[in-house]
Amino acid sequence: MQRDHRSQVFHAGAWCDAADATVPVGGLALRYGVSVFEGVRLYRRADRSGVRPFLLDAHVRRLGYSLALSRIPDPGIDKIPELVDDLVLRNGIDDDAYLRIAVNAVNPGLMDAEVEPALTISATPMGRKRWLRDGAWEGMRLQVSLWQRACDLAFPSAAKGIPNYGGPRLALLDAKAAGFDGCVLTNAAGRLCEAPTAALFLVRDGELLTPALTEGVLPSITRRWVLDRASALGLTARETVLGRIDAYQADEAFLCGTGLEFAPVRSFDGHAVRAWPDSPVTRALVGRYFEEVRS
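The sequence shown maps to residues 25 to 319 in this note's numbering.
Right, dumping it as C-alpha cells:
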C-alpha cells in the first residue's frame with residue numbers, strides 16, 4: 025500500500041489525501057473529547073488473494089453503541105463496509121494493515137451544543153507487535169496499576185470514546201517509567217479490570233478467566249472472540265471477579281485486542297507467571313487466531 029501523505033482517506037463525506045483530513049481546532053471533538061472510534065485489522069489472506077477486515081460487522085455494531093451512549097448522531101455507519109472496500113482499492117492495500125474508523129464532532133459550540141458528526145476512515149500498515157514478531161515469544165512484564173478505570177458513573181465503559189483513554193495513558197506512562205512493559209488497571213473496588221488498550225485473561229488450572237463486563241471493562245471484540253473459541257480448543261472460559269492475588273497465582277496470562285492482537289505475560293509486579301514461557305493455552309489461542317484471520 026502507499027505509505028506517504030498521499031494515501032487516500034474517507035473524511036466528512038468525501039475522499040481526500042490523509043494530510044487534508046483535519047478536525048477543526050474549535051470543534052467539539054477537540055474542545056470536549058466528543059469522539060468515538062474503532063480499530064479494525066486488515067489481514068492478508070493465506071493464498072495472497074487480497075486482504076479482508078476481521079470481524080468488521082462486530083466493530084460497526086460496537087461503534088453504533090458508542091455513538092448512542094455518547095449522544096452523537098449516526099453519520100451513516102451502515103456504509104462503512106463498502107467504504108472500507110473502496111479504501112483498500114484506492115490505496116492498493118495488499119498486506120496487513122490497521123483501519124481507524126472514527127466519528128468526531130466537528131462543529132464549534134458549548135458543551136451542550138448539537139453535534140455535527142464527521143466519519144473518518146483511514147489505514148496504516150501494521151504487522152505484529154514485538155510480542156509476536158518474527159516468531160518470538162516475548163512476554164510482557166506488567167504492573168498492577170493504582171490508577172483506576174473510570175466507572176460507569178463517570179463515563180460509560182461500554183463506549184469506545186476518546187475520554188476513556190486519558191487515565192489509562194497516564195497509568196501506562198507511570199508503569200513504563202517504573203521499568204514495566206505495561207500495566208493492568210483496577211476498578212473502583214480495587215479489582216483487576218483491563219490494560220489501557222487491551223483485555224486481560226488469566227489461565228488457572230486449565231480454565232480461562234477474564235474480568236466480567238460489570239467490572240468496568242470495554243466489551244472488547246477480541247475478548248469476545250477468545251470466549252467464543254475456547255470450547256473448540258477444549259477449554260472452559262469464565263467471566264468473573266479477579267484481584268491482584270489472582271494475577272500473582274496465574275498459570276498463564278495474556279492481553280488481547282485488535283491492535284495488540286495477543287501479548288503473553290511473563291510477570292505481574294515481579295511475580296512470575298508459573299507456566300512461562302511454555303504457555304500452552306496462550307499458544308493454542310494465538311495459533312487458532314492466525315489460522316482464522318488468514319482464511
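Backbone N, C-alpha and C fix where the C-beta goes; we use that ideal spot for every residue, glycine too.
Cα-Cα separation between residue i and residue j, rounded to whole angstroms
i, j, result
"A53", "P132", "9 Å"
"R27", "P99", "The predicted model places R27 with a pLDDT of 48, which falls under 50 and marks its position as unreliable; any figure quoted below should be read in that light. So the alpha carbons of these two residues sit roughly 28 Å apart."
"E138", "V58", "11 Å"
"L197", "E315", "34 Å"
"S169", "A202", "11 Å"
"G50", "P149", "30 Å"
"H29", "D44", "Interpretation of H29 is limited by its pLDDT of 44, a score under 50 that renders its predicted location unreliable; the figure taken from the coordinates is listed afterwards. Between H29 and D44, the C-alpha separation is close to 9 Å."
"M25", "V112", "Bear in mind that a pLDDT of 49 at M25, under 50, signals an unreliable position, so the number given afterwards is only what the model happens to contain. The alpha-carbon atoms of M25 and V112 are separated by roughly 8 Å."
"A254", "R318", "19 Å"
"I46", "S303", "Note that residue 46 is Thr in the sequence shown here, rather than Ile. One C-alpha to the other measures close to 44 Å."
"L156", "V289", "12 Å"
"I145", "H35", "7 Å"
"A126", "G63", "9 Å"
"G214", "T234", "15 Å"
"I104", "Q273", "43 Å"
"N128", "G230", "43 Å"
"P243", "M135", "27 Å"
For residue i, the residue or residues it bridges with in DSSP
i, result
"C207", "Q167"
"F225", "F278"
"R76", "Y67"
"C40", "V33"
"A287", "L279"
Residue i versus the options, residue with shortest Cα-Cα distance
i, options, result
"F179", "G88, A43, V241 and T246", "V241"
"R193", "A212, F204 and W171", "W171"
"A160", "L123, V310 and S181", "V310"
"S291", "A308, R312, I269 and A42", "I269"
"E285", "E276, W249, P304 and P97", "W249"
"R247", "T282, D109, S90 and N128", "T282"
"P220", "R262, E231 and A199", "A199"
"R228", "M164, P141 and D275", "D275"
"L1", "S181, G267, Y313 and G206", "Given that the chain is displayed from residue 25 to residue 319, the structure contains no residue 1 and the question cannot be resolved."
9 Å Cβ cutoff, residue i in contact with chain C
i, result
"Q32", "Within the model displayed, chain C is absent; a lone protein chain is all it includes."
Segment contact, 8 Å Cβ cut-off, at least three pairs: the segment 286 to 298 with the segment 185 to 198: no
Contained beta strand (DSSP E) runs [length at least 3] in the segment 150 to 203, N- to C-terminal order: 164 to 172
Inside the segment 253 to 283 only - beta strand (DSSP E) runs reaching at least 3 residues: 260 to 264 and 276 to 281
Contact between the segment 169 to 176 and the segment 51 to 71 (3+ Cβ pairs under 8 Å): no
Continuous alpha helix (DSSP H) assignments of at least 4 residues falling wholly in the segment 228 to 254: 245 to 253
At least 3 beta-carbon pairs within less than 8 Å: the segment 224 to 241 vs the segment 70 to 79: no
Ordered list of alpha helix (DSSP H) runs contained in the segment 79 to 164, each at least 4 residues: 80 to 93 and 104 to 115
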